[in-house]
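K.L.:
Note that the protein sequences, when read in sequence, are chains R and D.
With the first letter of the first sequence counted as 1, position 95 gets the number 94 in numbering that gives the first Met the number 0; the numbers rise by one all the way through.
With the first letter of the second sequence counted as 1, position 90 gets the number 89 in numbering that gives the first Met the number 0; the numbers rise by one all the way through.
Before anything else, here's the structure in question.
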Amino acid sequence: MVMTLLSRLRPLIVTIALLSIAATVPARAQKLNPDGAPNPTASVVDEQTLLRQAPRIEGRIDIPDQKAAVLIQPAGRTWVYFHEVLLHRGGAIVIVGTVVLLGLAYLIIGRVRIAEGRSGRKILRFKAFERFSHWLTALSFVILGLTGLNITFGKILLLPVIGPDAFSSVSQAAKYAHNFTAFSFMAGLVLIIVIFFKDNLPERVDVEWLKQGGGFIKNKHAPAGRFNLGEKLVYWFSLAAGLAVSVSGLLLLFPFYGTDIADMQIAQVVHAVVAVLFVALILGHIYIGTLGMEGAFEAMGTGEVDLNWAKEHHDLWLAQQLANQDRQGQPSATPAE
Amino acid sequence: MARMKFLCDADRCIDCNACVTACKNENEVPWGINRRRVVTINDGKPGERSVSMACMHCTDPPCAAVCPVTCIYPTEDGIVLHDKDICIGCGYCFYACPFGAPQYPKVGNFGSRGKMDKCTYCAGGGGPEAPGSAEEFAKYGSDRFGQGKLPLCAEMCSTKSLLAGDGDIIAQIYKERVLKRGYGSGAWGWITAYREDIKV
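If you want it as structure tokens, here you go:
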């Protein structure tokens, strides 16, 4: 009997309990001031509470510039730490480290010679349009790299040498060069991605190439098609890094087109980190294409490589080319001039 | 040496925008740029507060740290000035600023931002122009500070919400107000700008 009464009264008891809790909340919030008036800040959330809820404080603004409605975003200080400490140190370590490693490679491995010497016969490796695409991207990359490094490291390295006025003029020109060269770089990047896509797809021979030490072990022959695994990695890393710097760069070039300051901070971090790694990758690419390997540069220079070089580094590709030419009844290789 | 700061007592600000207008008029700030603005938080809700915000002239200013041509620097009074002759309009200071102070006269793309503009604490420019000269005024605005005056925004404030002056003195004024009236929503931006708060 008592139990049924209690169970019947339960909703009532719960309601009373909830009401009494609810009643104490406003009573606590409306504490009075020394002059007896209600405290107007009792309902105010202070700056630190707001910043704990969201990374920035926004409100309403009367002026037409609605972007100005963001009152405080302390993340700027974090971005400064990235830019002035992490990027300077990390960038210096990665780029100087790469140069040192390449120097060591040159001292230890030295220039990879054509083992059988030059045959004196040449074969076309890159067509004119392929070379144009490469050098369009390459030249743009060098300009972008140098001007990009200037805006990050220039005030440490160049400013003390040439003084603030000259450095300002240089940096102003560098900024415009960077912004406009970006477009020739992107055009070149798209061309390279399209032209060389098919020959950079992974193949079974890439594993064998890796097992044979990638051509760096003198008495071992590493087989490869048109591009070996090392070149394919340069291609795919360049594709990824190129797309990342292009997208982040475009976001920075068109401020507030779908971005706010916080997005631009992230875009700048992506742009800087990827660019530093990209520079390191391309330094390695430049080293192997020039100093590191005899007979490599002419592939992108004149477009023609020595037959013996092709035999040593791209045997499968050479065999295929020669077979194609035989089928078309052409001379198997052009004589050297 | 005095350390100049701004302090907005949000419990007094009535969002009248007189500080915004005073700044624009005194410094003849170009169209599209507002060196000072008033933001209303919790608009129309309980706990609504308006805060007048401009360059806070930060301690260890982030804009100065990231400027790739080091055209921004704090003076010995703690006022953050910049040299428009050196500025290349790269936009780094505006990524770095927690208060949205740096702005650019051109909204164009491809890096055509023009020279950065921001509150100078009515202390003229940070360039080579002679203090108080017409050249300086055209580029940066008024040099009231050189005449021993405080920024006009704070001087004009009808409710004396916006305070400018030596940091210790305005912090003391704010503290006394909070003690007297019994409430205060805090010194907005102080922890971010000056890495200190006003304890009451």
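Glycine included, every Cβ here is placed at the ideal spot set by N, Cα and C.
All of these numbers come straight from a predicted model, not from anything done at the bench.
Tell me, to the nearest whole angstrom, how far the beta carbon of ALA274(R) is from that of VAL304(R); I am working on the premise that it is less than 8 Å.
P.N.:
Incorrect: roughly 31 Å between the Cβ atoms, too far for contact.
K.L.:
Would you say ASN52(R) reaches chain D, if we count a Cβ-Cβ gap shorter than 8 Å as a contact?
P.N.:
Asn is not the amino acid found at residue 52(R); the sequence shown has Gln there. So, not an interface residue.
K.L.:
Figure out for me which residue from ILE56(R), ALA74(R), LEU282(R), MET299(R) has the closest Cα to the Cα of LEU101(R).
P.N.:
Looking at the Cα atoms, LEU282(R) is the closest of the given residues.
K.L.:
Pick from ALA295(R), VAL246(R), GLY257(R): whose alpha carbon is nearest that of GLU230(R)?
P.N.:
Ranking ALA295(R), VAL246(R), GLY257(R) by Cα distance to GLU230(R) puts ALA295(R) first.
K.L.:
Comparing C-alpha positions only, which one of VAL278(R), PHE166(R), ILE107(R) sits nearest to ALA91(R)?
P.N.:
Minimum Cα distance to ALA91(R) is reached at VAL278(R).
K.L.:
For a cutoff of 8 Å on Cβ pairs, would you count PRO201(R) as touching chain D?
P.N.:
So, not an interface residue.
K.L.:
For GLY126(D), would you say it is in contact with chain R, using Cβ-to-Cβ distances shorter than 8 Å as the test?
P.N.:
No, GLY126(D) lies away from the interface with chain R (no Cβ there is under 8 Å from its Cβ).
K.L.:
Using a beta-carbon distance cut-off of less than 7 Å, what residues from the segment 61–92 of chain R approach chain D?
P.N.:
Those would be ASP61, ILE62, ASP64, ALA67, ALA68, VAL69, LEU70, ILE71, GLN72, PRO73, GLY75, ARG76, TRP78, VAL79, HIS82, GLU83, in chain order.
K.L.:
Cutting at 7 Å between CB atoms, please list the residues of its own chain near CYS66(D), excluding the five before and the five after it.
P.N.:
Cβ neighbours of CYS66(D) beyond the five flanking positions: TYR91, CYS92.
K.L.:
Taking DSSP's pairing of strands, which residues face TYR72(D) in a bridge?
P.N.:
Paired residues: LEU80(D).
K.L.:
Under 8 Å between C-beta atoms, does GLY153(R) make it to chain D?
P.N.:
Closer than 8 Å to some Cβ of chain D, the Cβ of GLY153(R) qualifies, so yes.
K.L.:
State the DSSP-derived secondary structure class of PHE296(R), mapped to helix, strand or coil.
P.N.:
PHE296(R) falls in the helix class under three-state DSSP.
K.L.:
Can you name the residues of chain R whose CB is closer than 7 Å to the CB of ASN16(D)?
P.N.:
By Cβ distance, chain R contributes ASP61.
K.L.:
Expressed to the nearest angstrom, what Euclidean distance is found between the alpha-carbon atoms of PHE136(D) and GLY123(D)?
P.N.:
Cα to Cα, the separation comes out at about 7 Å.
K.L.:
Using a Cβ-Cβ cut-off of less than 8 Å, give me the residues of the segment 99–128 of chain R that come near chain D, in sequence order.
P.N.:
So nothing in the stretch comes that close.
K.L.:
Buried or exposed for MET0(D), going by 16 or more other Cβ atoms inside 10 Å?
P.N.:
By the 10 Å Cβ count, MET0(D) comes out exposed.
K.L.:
Compute the Euclidean distance between the alpha carbons of LYS198(D) and LYS174(D), then round it to the nearest angstrom.
P.N.:
So the two alpha carbons sit approximately 8 Å from each other.
K.L.:
If TRP367(R) sits next to LEU228(R), beta carbons under 8 Å apart, how far is it from one beta carbon to the other, in whole angstroms?
P.N.:
Not covered by the structure: residue 367(R). The range shown for chain R is 0 to 336.
K.L.:
Could you tell me the alpha carbon to alpha carbon distance between THR58(D) and ASN199(R), rounded to whole angstroms?
P.N.:
Taking the straight line from one Cα to the other gives about 53 Å.
K.L.:
For the segment 154–194 of chain R, which segments carrying the alpha helix (DSSP H) assignment without a break, of at least 4 residues, lie completely within its bounds, in sequence order?
P.N.:
Entirely contained in the segment 154–194 of chain R, the alpha helix (DSSP H) runs reaching 4 residues are, in chain order, 158–161, 163–194.
K.L.:
Using the beta-carbon of each residue, which ones in chain D are nearer than 7 Å to PHE166(R)?
P.N.:
Under the 7 Å cutoff, chain D gives VAL68.
K.L.:
Count the other CB atoms within 10 Å of the CB of VAL272(R); is the residue buried (16 or more) or exposed (fewer)?
P.N.:
Result: buried.
K.L.:
Taking the alpha carbon of ASP10(D) as the reference point, which residue from GLY31(D), ARG36(D), ASP42(D), GLY46(D) has its own alpha carbon closest?
P.N.:
When only C-alpha atoms are compared, the closest one is GLY46(D).
K.L.:
Between THR191(D) and the rest of its own chain, which residues show a CB-CB distance below 7 Å, the 5 nearest in sequence each way excluded?
P.N.:
Same-chain partners within the cutoff: PRO97.
K.L.:
In three-state terms, what does DSSP make of GLN49(D)?
P.N.:
Reading the sequence as shown, one finds Ser at residue 49(D) and not Gln. It is a strand residue.
K.L.:
Can you find at least 3 beta carbon pairs, one from the segment 156–170 of chain R and one from the segment 67–76 of chain D, that sit closer than 8 Å?
P.N.:
Because the criterion of three Cβ pairs below 8 Å is met, the segment 156–170 of chain R and the segment 67–76 of chain D touch.
K.L.:
Note the first and the last residue of the continuous alpha helix (DSSP H) segment covering GLY164(D).
P.N.:
That residue, GLY164(D), is in no alpha helix (DSSP H); its beta strand (DSSP E) goes 161–165.
K.L.:
Taking CB distances under 8 Å as the criterion, tell me whether ALA26(R) reaches chain D.
P.N.:
Residue confidence is low: ALA26(R) scores 41 on pLDDT, short of 50, so the model does not pin down where it sits. No coordinate-derived value is stated.
K.L.:
Can you give the Cα-Cα distance for GLY140(D) and ASP167(D), rounded to whole angstroms?
P.N.:
When rounded, the distance between both Cα atoms is 27 Å.
K.L.:
Name, in chain order, the residues that DSSP records as bridge partners for LYS4(D).
P.N.:
Its beta-bridge partners are GLY164(D).
K.L.:
What does SER170(R) reach in chain D if we use C-beta pairs closer than 7 Å?
P.N.:
In chain order: PRO67, VAL68, ILE87.
K.L.:
Would you list the residues sitting across from THR48(R) in a DSSP beta bridge?
P.N.:
BP columns for THR48(R) are empty, so no partner.
K.L.:
Which stretch, first to last residue, makes up the alpha helix (DSSP H) that contains VAL95(R)?
P.N.:
First-last of the alpha helix (DSSP H) with VAL95(R): 86–107.
K.L.:
What residues of chain D sit near GLN264(R), judged by a beta carbon separation below 7 Å?
P.N.:
Within 7 Å Cβ-Cβ: TYR94.
K.L.:
Report all residues from its chain with a CB closer than 6 Å to the CB of LEU280(R); omit the five preceding and five following residues, and keep chain order.
P.N.:
Excluding sequence neighbours, LEU280(R) sits near PHE236.
K.L.:
Which chain R residues sit within Cβ distance under 7 Å of SER160(D)?
P.N.:
The contacting residues do not exist; SER160(D) stays about 14 Å from chain R at best.
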